[in-house]
Amino acid sequence: MKEEDTRERILNAAKEVFSNKGYSGSTTREISLVADVAEVTLFRHFEKKNNLFYETISTFIVKPMLNFNASKENENSEQFIQKIIEERTCTLRKNRELFICTIYESQYNDEIKEMLKSIFSKVFDEIMYFMKGRQINSEKESFGYLSQIILSTIVGLIIFESLTDSDAFRDSRKLYEIIKTLL
């Protein structure tokens with residue numbers, strides 16, 4: 001078996017276990033059992049549980065949220081912002097349990113809290129960078145506010161959906177229109 005396949009199996013198992021039991025409730029032994037690898041193999045790849053959690057979050061949430069490749073150069077500003085909202089919302093919906101677990105755990109674990117801050121900072125910076133590149137707004141500080149509103153709205157929506165089982169904002173155009181009125 002290839003090393004990359006093993007790593008991928010461990011990450012998929014970690015996503016499943018962390019999503020179901022949270023960071024604190026999960027053990028590396030359980031994750032290695034789900035991945036069908038020896039626990040020592042898990043440690044060879046990730047050294048410690050915290051590293052595995054960070055890589056799991058990075059693989060399933062951060063990297064997809066930082067992927068702006070799907071956005072086309074010929075899209076107008078509104079289409080671009082709508083695409084940002086749609087893609088980020090889709091990523092968080094797809095990984096909702098893992099995302100909620102991360103938010104929950106960050107209340108009790110300073111390392112995870114710092115990890116989450118770092119993740120939000122990266123996503124915020126990337127959204128702002130791409131919006132500046134699109135010259136979506138002429139005022140410099142507006143990029144920051146707009147990026148913050150987009151990110152906060154998406155995160156709030158995922159939490160709201162998780163608590164209420166509501167899918168009132170499945171349509172990204174509707175969500176974009178609401179964000180536009182907030183501005």
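Here the sequence shown stands for residues 1 to 183, numbered as in our numbering. Where is the CB? At the ideal position from N, CA and C, for every residue including glycine.
* Asked: Whole-angstrom Cβ separation of residue 158 and residue 93, contact assumed at under 8 Å?
  -> 7 Å
* Asked: What do you reckon, are the CB atoms on residue 23 and residue 127 nearer than 8 Å?
  -> no
* To do: Mind the definition here: the segment 28 to 35 touches the segment 102 to 117 only if three or more C-beta pairs lie below 8 Å; say whether that holds.
  => no
* Helix, strand or coil: which one does DSSP assign to residue 5? -> helix
* Asked: So, is residue 176 buried or exposed, given that buried needs 16 or more other C-beta atoms within 10 angstroms?
  -> buried
* Asked: What's the C-alpha gap between residue 44 and residue 15?
  -> 18 Å
* Per-residue burial, residue 121 [other beta carbons within 10 Å of its own, 16 or more giving buried] -> exposed
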